[in-house]
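What follows is a short report on a single structure.
Protein chains in written order, with the numbering used here: chain A, 6 to 200; chain B, 6 to 200.
Written as structure tokens, this is what we have:
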């Protein structure tokens, strides 16, 4: 069943044959990750990447005052990796932590590299994913520069309704770049506008 | 001479043969771009990309109040493109404008695509460049979330001394996310600290 989700996901991205899919899927292993467990740790070598079967993760960096800044939330049918570690196998610049008990299919970075060399379609798929991640990141930066916290809050609820249900005010504040108290103020303001 | 810069740049990125380099370089054309001229325009199809021989450009988006937000400055030996237009040949989400009279080597997106299919080394090189752009963008977002305007100003001067000399307070403010007046205040504060 977990492999079935990944099989469907890969099929939707490129025209893999059943034989190719079997070979690719044989490199993945199911792994349960408990709430608050780290999957990727800042300044460590990234040994595994993962496809999320069910659960929710935050990808974040920590500043010199130990404050978290969330780049992305990652949930079902999304991939966990650290693109910043790709060029020349550098250390990860971010952390990825489970926000709830989750299930993922992991693949070692070495196995993934072997698959990319063997299946150009898979390499093309991952390259397109990186381009899409770039677009998401650019949107995220421009929203941060252009929009108010309230507009960013509303965009997030509109674009990611399933993730919005799961995350706390603390995490949402750390994503938008305001305090959790300010998230409460925004929520109250929106509630009063609707009345 | 202009082609020589690009030849050296390509050679430093991958082990192209002279014959491969000749074939690649034959697809480029020299173009002069005057100060304040647009090379890429938001919401238009991107038909050309370019390698900068000399000059300086800003890549930016415009908000609903017609205010500019600069993502990057692009100068000698850097590439001009809009990665956000790559997946499925979408329209550009940014503008690229010359900040001074500049010279670039342009290549049509169609010719580039043909070269990428013909030379896997070139495709690998461009994919690595996209990964590096992702890392730069992530750093830019994290700096924006984590650091004060003064810290971002100092970082910019430290990391891009040649660009810093060329850009006005207006452009620097639009990059860091503060008003030009605030850039003047930061400059005065740093000057007083040094005294």
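We put the CB at the ideal spot given by N, CA and C, even for glycine.
Computed from a predicted model, the values in this text were never measured in an experiment.
1) Counting pairs of Cβ atoms below 8 Å between the region 70–83 of chain A and the region 24–31 of chain A, do you hit three or more?
2) Would you mind sorting residue 87(B) into buried or exposed? The rule is 16 or more other CB atoms within 10 Å of its CB.
3) I'd like to know if residue 19(B) contacts chain A, where contact means its C-beta is closer than 7 Å to some C-beta of that chain.
4) Round the Cβ separation of residue 43(B) and residue 101(B) to the nearest angstrom and send it over; I've been treating them as touching at under 8 Å.
5) Between which two residues does the alpha helix (DSSP H) carrying residue 155(A) extend?
6) Looking at the structure shown, is residue 10(B) part of a helix, part of a strand, or coil, going by DSSP?
7) For residue 143(A) and residue 165(B), what's the separation of their Cα atoms in angstroms?
8) Please look up how many angstroms separate the CB atoms of residue 107(A) and residue 77(A), rounded, as I've assumed it's under 8 Å.
9) What is the rounded straight-line gap between the Cα of residue 189(B) and the Cα of residue 174(B)?
10) Residues of chain A with CB under 7 Å from residue 68(B), in chain order?
11) Should residue 96(B) be labelled buried (16 or more other beta-carbon atoms within 10 Å of its own) or exposed?
12) What number of angstroms, rounded off, separates the C-alpha of residue 136(A) from the C-alpha of residue 46(B)?
13) If you check the beta carbons only, do residue 99(B) and residue 55(B) fall under 7 Å apart?
14) Show which residues of chain A have a CB atom less than 7 Å away from the CB atom of residue 74(B).
15) Express the C-alpha separation of residue 112(B) and residue 33(B) in angstroms, rounding to a whole number.
16) Which class does residue 47(B) belong to by DSSP, given the choice of helix, strand or coil?
17) What three-state label does DSSP hand residue 175(A) in the structure shown?
18) At a CB-CB cut-off below 8 Å, which residues of chain A make contact with residue 139(B)?
19) If you scan the region 114–149 of chain A from start to end, which runs of the alpha helix (DSSP H) of 4 or more residues do you find wholly inside it?
20) Would you list, in chain order, the members of the region 113–132 of chain A that have their beta-carbon closer than 8 Å to a beta-carbon of chain B?
21) In chain A, what lies closer than 7 Å to residue 182(B) by C-beta?
22) Got a sec? Which residues, its chain only, sit under 8 Å from residue 160(B) by beta carbon, not counting five neighbours each side?
23) Return the residue from the list 191(A), 38(A), 51(A) that minimises the CA-CA distance to residue 57(A).
24) With DSSP run on the structure shown, which of helix, strand or coil describes residue 100(B)?
25) Do you know whose CA, among 197(A), 49(A), 94(A), lies nearest residue 118(A)'s CA?
26) Are residue 73(A) and residue 179(A) touching if we call contact CB-CB under 7 Å?
27) Which residue marks the beginning of the alpha helix (DSSP H) containing residue 195(A), and which one marks its end?
28) Could you have a look at residue 110(A) and say whether DSSP puts it in helix, strand or coil?
29) Measure the alpha-carbon distance for residue 157(A) versus residue 69(B) and round it to whole angstroms.
30) Check residue 226(B) in the structure and name its three-state DSSP category.
By the coordinates alone:
1) no
2) buried
3) no
4) 7 Å
5) 154–164
6) helix
7) 20 Å
8) That pair is no contact at about 15 Å.
9) 7 Å
10) 151
11) exposed
12) 20 Å
13) no
14) 147, 150, 151
15) 5 Å
16) coil
17) helix
18) 88, 89, 135, 138, 139, 142
19) 114–123
20) 132
21) 150
22) 148, 152
23) 38(A)
24) strand
25) 94(A)
26) yes
27) 185–199
28) strand
29) 15 Å
30) The requested residue 226(B) is not part of the displayed model; chain B covers only 6 to 200.
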